[in-house]
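Okay, so here's the structure we're looking at.
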Amino acid sequence: MTHPMGLAPSKIIAVHLNYRSRAEERGRLPEAPSYFLKPPSSLSHSGAPVVRPRGCAYLAFEGEIAVVIGRRAHRVGVADALGHVAGYAAANDFGVYDLRHADRGSNVRAKGSDGFTPVGPALLDAREVDPGRLTLRTWVNGELVQEASTGELLFPFAVLVADLSRLMTLEPGDIILAGTPAGSTVVRPGDVVEVELENSGRLRNEIVEAGHDLEPIGAMPRVSAADREAALGGRAALAAGTAAVPATGPARPVVPEETLAALRTVSTATLSSVLRKKGVEHHFIEGVRPARPDLRMVGFARTLRYVPLREDVFAEIGGGMNAQKRTVEEIRPGEVLVIEARGDHGAGTLGDILALRALRRGAAGVVTDGGLRDSPSFASLDLPSYYGVPHAAVLGRRHVPLAGNVPVACGGVLVMPGDLLVGDAEGVVVIPPALAVDVTAEAVEQERQERFVYERVAAGESVDGLYPIGPRWRAAYEAWAAANPVSD
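So, in structure tokens, the structure goes:
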């Protein structure tokens with residue numbers, strides 16, 4: 001069937017991760033673009049139905065921009081690449097995660113079905129628009145679910161064209177799908193998905209159920225916990241309690257460096273006191289001890305959830321590159337691995353090899369309310385580590401590693417991905433990032449006051465009216481503070 005826009009690509013090339021928000025949502029930031037191919041037979045248009053194969057439950061949309069090649073491109077440089085582009089159009093990269101297992105990485109069956117790449121309804125002339133300032137929007141049943149600017153792209157269009165043309169010839173009409181922002185999730189028969197690039201009109205497609213069973217010849221629909229997590233994504237997954245918290249910008253909160261530096265100087269006891277004043281009562285992770293009391297810890301939470309052992313589930317998702325190992329491999333510099341083990345001390349939850357790997361990736365620490373394997377090794381590891389008990393047994397004795405970068409409960413405290421954690425010899429406190437600057441400033445001031453009080457008590461003064469500092473001692477303290485400024 002002829003496409004209404006006259007599109008007839010020899011190939012459709014899709015980028016795995018390109019929008020920063022999507023990369024943060026997935027928990028990894030690629031150093032270079034990676035791609036997969038979609039067959040030209042998957043090309044569709046506005047108004048055409050998207051058919052979900054019978055037996056599949058996890059069909060997901062991905063609003064994207066189609067970069068349409070206008071002139072043959074072979075070994076073109078980044079500076080010249082956009083001269084080979086005819087224009088840009090709204091697109092939707094549909095896929096069924098139920099078949100993701102069948103062709104891991106290549107997406108042949110997951111994303112190659114007929115009609116899984118609608119493009120349109122219009123092409124924006126590449127000569128008339130700024131490719132760095134285009135806005136992409138997606139709606140599901142009239143609700144806006146994705147909105148992003150091309151200014152968020154990790155790899156601009158010119159980089160994609162130049163990169164691909166190093167090794168393959170891009171022919172006129174070929175399409176590059178430039179990636180999707182955060183917010184992709186599952187849709188069902190009856191749902192209507194619309195994508196719009198700038199004001200070029202909405203690409204509209206309704207989801208329908210296939211009218212026939214999928215013939216049992218090759219791989220059949222099957223979804224793992226990890227695939228389910230990836231399919232649901234965003235807010236829908238969070239509501240379902242199975243997937244990573246969506247990123248609406250950088251996953252890691254912005255906390256000034258001076259605040260982080262100051263947190264390395266104040267005690268968890270002082271921070272606890274200030275947090276209570278702020279109305280945050282549940283912030284101290286209970287029942288954990290430091291492997292190295294001499295090390296301080298400041299970092300952002302990278303969470304990992306364990307659930308109680310069920311042998312059949314562990315057999316499905318507990319082995320190989322499971323959620324535990326994936327989470328360790330996704331740790332970024334300055335992050336603290338926080339493990340929810342439900343306070344179960346009947347098995348180890350982390351050993352020295354994965355802890356060392358986390359350290360090599362730049363981890364700022366590890367916290368688990370379960371057992372720690374190889375605990376003697378941690379005494380010589382320069383990684384702040386907090387744990388419930390030492391335990392030699394592997395995690396499969398009591399736990400199934402389920403999901404990373406999800407809300408967890410550790411030591412009786414809710415820890416959200418991106419929360420700020422501070423640890424010292426006494427324990428670990430969790431600080432909501434939005435309160436970090438104020439809490440830190442008050443903690444620094446409180447410790448200055450306590451230092452003054454300590455000196456006066458050491459000199460023989462009564463604590464009456466001195467601790468806390470009352471009106472009688474206020475002037476003396478201010479004079480002392482002026483003579484003892486806070487060092488940078």
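Position 299 of the sequence shown, counting from 1, maps to 299 under UniProt numbering, and the rest follow consecutively.
Each residue gets a CB set at the ideal place from its N, CA and C atoms; glycine is no exception.
Proximity to A57 across R222, P33 and A315 peaks at R222, based on C-alpha coordinates.
It is roughly 25 Å from the alpha-carbon of G320 to the alpha-carbon of A364. With contacts defined by Cβ atoms closer than 9 Å, A81 and A162 form a contacting pair.
Boundaries of the beta strand (DSSP E) harbouring S385: S385 to Y387, taken from the DSSP string. Note that the C-beta distance between V413 and I331 is not below 9 Å. Here DSSP, grouped into helix, strand and coil, assigns P407 to coil. In the same chain as K278, and ignoring 5 residues on each side of it, the C-beta atoms closer than 8 Å to its own belong to L435, D438 and V439, in chain order. The C-beta separation of V408 from V338 comes to about 6 Å, placing the pair in contact by the 8 Å criterion.
Here the region 181–196 lies against the region 47–63, with 3 or more beta-carbon pairs under 8 Å apart. Separation of V119 and A261 (C-alpha to C-alpha, rounded to the nearest whole angstrom) is 50 Å. Burial state of Y387 is buried, judged by a 10 Å Cβ sphere holding 16 or more other Cβ atoms. Counting the other CB atoms within 10 Å of its CB gives R72 a total below 16, which places it among the exposed residues. Scanning R22, A481 and V328 for the CA closest to the CA of G362 turns up V328. Inclusion of G173 and I69 in the CB contact set at 9 Å is warranted, their separation being smaller than that value. According to the DSSP assignment, Y306 belongs to the beta strand (DSSP E) that extends over M297 to P308.
Excluding residues up to 5 positions away in sequence, A89, S200 and G201 lie with their Cβ nearer than 7 Å to the Cβ of A122 in the same chain. Ranked by how close their Cα comes to the Cα of N92, the residues H101, G63, S113 and L99 have G63 in first place. Remark: C-beta atoms of G343 and G411 approach each other more closely than 9 Å. Counted as a single uninterrupted DSSP element, the stretch harbouring A148 is not any alpha helix (DSSP H) but the beta strand (DSSP E) occupying residues E143 to S149. K111: member of the alpha helix (DSSP H) spanning V108 to K111, first to last residue. Residue ranges of uninterrupted alpha helix (DSSP H) with 4 or more members, entirely inside the region 135–193 and ordered along the chain, are 157–165. The region 381–395 makes contact with the region 345–361, as at least three CB pairs between them are under 8 Å. Assignment of K11 by DSSP, reduced to helix, strand and coil, places it in the coil class. Closest by C-alpha distance to G427, out of V366, L466, R397 and E450, is V366. For S44, the pairing in a beta bridge is given by DSSP as P118. The continuous stretches of beta strand (DSSP E) do not include E128, and DSSP gives it neither H nor E. Ranked by how close their Cα comes to the Cα of I12, the residues A126, S44 and G404 have S44 in first place. A301 places its beta carbon 9 Å or farther from that of M168.
Segment contact: the region 17–32 against the region 144–156, three or more CB-CB distances shorter than 8 Å; contact assigned. Listed as beta-bridge partners of T270 by DSSP are no residues whatsoever. In this structure, the beta-carbon distance from G371 to A341 falls below 9 Å.
For G348, the beta-bridge partners assigned by DSSP are G371. Residue state for V255 is assigned as coil, using DSSP reduced to three classes.
Taken through DSSP and simplified to helix, strand or coil, E215 comes out as coil. Taking C-beta atoms under 8 Å as the contact rule, S385 and A291 qualify, at a distance of about 4 Å.
Between the alpha carbons of R100 and V108 lies a gap of roughly 9 Å.
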